[in-house]
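Comments concern the structure below.
In my numbering, the protein residues as written are 642 to 865.
Laid out in structure tokens, this is it:
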């Protein structure tokens, strides 16, 4: 989408922001808010542009990993070939599932960014009133919502870490296993670690957002 595409929600936000910035600041308290939100709008536009590129890089990495598994199965020594072949078979199914997950993650990220743009638009619309009480109310409500989101993600992150710990413990257990069982265990551990990494990334983003909202709330409390 072009920078000023009328159907681009971010372009619509930028038009509202430009109108707000062009208005007279009656009490001189909005310049810092202008600069802050301008940076957030720029970050949102950059993130939206990077979503497709990031998804393509993930798919390329996935394809390379699968190709490496097939190569290992083809060129392994006889002692390791059974495990390599079994892993390649399991990995083929895991790769298909992972591709589906990546597509779902891309769509979820797109929706998250559009929701972020909508919130920025609400923020700009509120601040355009030049009413500090309205701004304080907005940030108070948003801080409560951000804290609830962060709390949920903390629990999800702990659960993901626990799943990794269980998968690692299973991998360390002694006992005879077939090549297929070993391959399945390796894939399960990799998936658990990937889910943990995604959960930790989501939590870090949520906590950064909460910190940002709290800082805005604290700033507007001094103006009411």
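Built from N, CA and C at the ideal position, the CB exists for glycine as well.
| Item | Value |
| --- | --- |
| Can you tell which of 763, 796 and 839 has the C-alpha that lies nearest to the C-alpha of residue 653? | 763 |
| Please go through the same chain and pick out, in chain order, the residues whose beta-carbon is closer than 8 Å to the beta-carbon of residue 673, but skip the five residues on each side of it. | 860 |
| Do you know offhand how far residue 815's Cα is from residue 804's? | 19 Å |
| Quick one: grab the DSSP three-state call for residue 771. | coil |
| Would you kindly work out how many angstroms separate the C-alpha atoms of residue 685 and residue 761, rounded to a whole number? | 10 Å |
| With a threshold of 6 Å on Cβ separation, who are the neighbours of residue 791 within its own chain once the five nearest residues in sequence on each side are excluded? | 847, 848 and 851 |
| In three-state DSSP terms, what is residue 664? | coil |
| So which of 664, 659, 741 and 697 has the shortest CA-CA distance to residue 771? | 664 |
| For the alpha helix (DSSP H) that residue 842 lies in, which residues bound it at each end? | 820-862 |
| Nearest to residue 749 by alpha carbon, out of 689, 811, 787 and 736? | 689 |
| Can you round the beta-carbon distance between residue 855 and residue 789 to whole angstroms, since I take them to be within the 8 Å contact cut? | Not quite, the Cβ-Cβ distance comes to about 14 Å (not below 8 Å), so this is no contact. |
| Would you report the Cα separation of residue 650 and residue 741, rounded to the nearest angstrom? | 27 Å |
| Helix, strand or coil: which one does DSSP assign to residue 815? | coil |
| Determine the closest residue to residue 845 out of 830, 793 and 864, with distance taken between C-alpha atoms. | 793 |
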